[in-house]
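Each residue of the sequence shown is one higher than the one before, starting from 1 at the first, in my numbering.
In this text, a Cβ means the ideal position worked out from N, Cα and C, and glycines have one as well.
Right, one structure below, let's go through it.
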Amino acid sequence: MPAHEKVSIGRVKRDVSDLVNRVAYGGERIILTSRGKPKAALVSIDDLERLRRTEDADRPPLSQIDSLVDLVAAIRRLPPGRDTYEPPRASLAAALLGQPADPSFDLETWQAEWARVEAEMRRIEAEDAAGEQTA
Numbered sequence: 001m002p003a004h005e006k007v008s009i010g011r012v013k014r015d016v017s018d019l020v021n022r023v024a025y026g027g028e029r030i031i032l033t034s035r036g037k038p039k040a041a042l043v044s045i046d047d048l049e050r051l052r053r054t055e056d057a058d059r060p061p062l063s064q065i066d067s068l069v070d071l072v073a074a075i076r077r078l079p080p081g082r083d084t085y086e087p088p089r090a091s092l093a094a095a096l097l098g099q100p101a102d103p104s105f106d107l108e109t110w111q112a113e114w115a116r117v118e119a120e121m122r123r124i125e126a127e128d129a130a131g132e133q134t135a
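Structure, rendered in structure tokens:
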């Protein structure tokens, strides 16, 4: 089992290169702390890939979920980020037409949430475009 060390955020700022090398080449896992409390971890790419495979094994592909309600619930459980994106396979509009009306649906709340989603997509696209320009 790889070694674990707790390191303060202040030390990370000072020794980031050394810590990254210890994780990447020494197989260590480093717990980053702030005010003595664990906040995050620095792990190798291999560890991250193992974690992703474990998460993927626990989660059926969205395309295999039959119920629209279950699909929405599964999407809400996804962590943020590009790694959870799946391209569309069917029309959401067609699926929605076949569903009964939901009396608890609040259009204003939905529109506000959708506006946040669109803003996040624009931010990610801008980051990607900026990354392509510097590469």
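For the set Arg116, Gln99, Gly131 and Glu108, the Cα lying nearest the Cα of leucine 71 is the one of Gln99. For isoleucine 31, no alpha helix (DSSP H) encloses it; the enclosing beta strand (DSSP E) starts and ends at 29-34. Buried is the label assigned to leucine 42, since at least 16 other Cβ atoms lie within 10 Å of its Cβ. At the C-beta level, isoleucine 45 and leucine 62 stay beyond 9 Å of one another. In the DSSP annotation of this structure, serine 91 is not part of any alpha helix (DSSP H), being labelled neither H nor E. Taking one beta carbon from each stretch, the segment 33-40 and the segment 14-23 have fewer than 3 pairs nearer than 8 Å; the two do not touch.
Between the alpha carbons of alanine 129 and arginine 123 lies a gap of roughly 10 Å. Counting along the chain, alanine 40 sits inside the beta strand (DSSP E) bounded by residues 37-42. DSSP, read as helix, strand or coil, puts serine 17 in helix. In the DSSP assignment, serine 8 forms a beta bridge with Thr33. Here the alpha carbons of lysine 13 and leucine 48 stand approximately 22 Å from one another. Note that the C-beta distance between glutamate 5 and isoleucine 31 is below 9 Å. In the structure shown, the three-state DSSP call for isoleucine 65 is coil. Between serine 8 and threonine 33, the beta carbon gap of about 5 Å places them in contact (Cβ cut-off 8 Å).
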